[in-house]
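Whatever position you read off the sequence shown (first residue = 1), add 62 for this note's numbering.
Written below as structure tokens is the structure these notes are about.
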Amino acid sequence: MLEAFGTALSAPYVRHLIGKIWELRTTGRVQHRVLYVSASGQRLVLLHAFTIKTPTMPRRELELAERRLTDYQGRDQG
Numbered sequence: 063m064l065e066a067f068g069t070a071l072s073a074p075y076v077r078h079l080i081g082k083i084w085e086l087r088t089t090g091r092v093q094h095r096v097l098y099v100s101a102s103g104q105r106l107v108l109l110h111a112f113t114i115k116t117p118t119m120p121r122r123e124l125e126l127a128e129r130r131l132t133d134y135q136g137r138d139q140g
């Protein structure tokens, strides 16, 4: 879906979480989440993917995505 629609994709498939981090959601019996950021140009950086079993975003999943974003930004800068 992200490849086809890019940043034009909207609810219920995409939701802004915090800062630059967005969430791609699947629907159905088993729900998966992909946390990502929009990078320069038409690039999307996938930070973390997981199966969600609760109605709320587990804090540890978001924290992992934030750490990976920080790491990516550090490497992207030089």
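Heads up, the beta-carbon is just placed ideally off N, CA and C, and yes, glycines get one too.
These numbers come from a predicted model, not from an experiment.
In whole angstroms, what separates the C-alpha of residue i from that of residue j?
i    : j    : result
L86  : V107 : 12 angstroms
D138 : S102 : 10 angstroms
G81  : S100 : 11 angstroms
S72  : V92  : 20 angstroms
Give me, in chain order, the residues of the same chain whose beta-carbon lies closer than 7 angstroms to that of residue i; leave out the 5 immediate sequence neighbours on both sides.
i    : result
Y134 : V107
Taking the alpha carbon of residue i as the point to measure from, which residue in the options has its own alpha carbon closest?
i    : options            : result
L79  : R121, D138, R137   : R121
I114 : G81, S102, G90     : G90
H110 : Q93, R77, Y98      : Y98
M119 : V96, F67, A70, S72 : V96
So, residue i versus residue j, is the Cβ gap smaller than 8 angstroms?
i    : j    : result
E123 : F112 : yes
I83  : L131 : yes
In its own chain, which residues sit with a C-beta less than 8 angstroms from the C-beta of residue i, not counting the 5 before and 5 after it?
i   : result
E74 : A small correction: the amino acid at residue 74 is Pro; Glu does not occupy that position in the sequence shown. These residues qualify, in order along the chain: R87, T89.
Apart from the five residues on each side of it in sequence, which residues of its chain come closer than 6 angstroms, Cβ to Cβ, to residue i?
i   : result
H94 : T88, T113
R77 : E85
A66 : none
Hey, is residue i's beta-carbon within less than 8 angstroms of any beta-carbon in chain D?
i   : result
P74 : Looking for chain D here will not work: only one protein chain is present.
Length at least 4, wholly inside the region 63–89: the alpha helix (DSSP H) runs in chain order: You should have 64–67.
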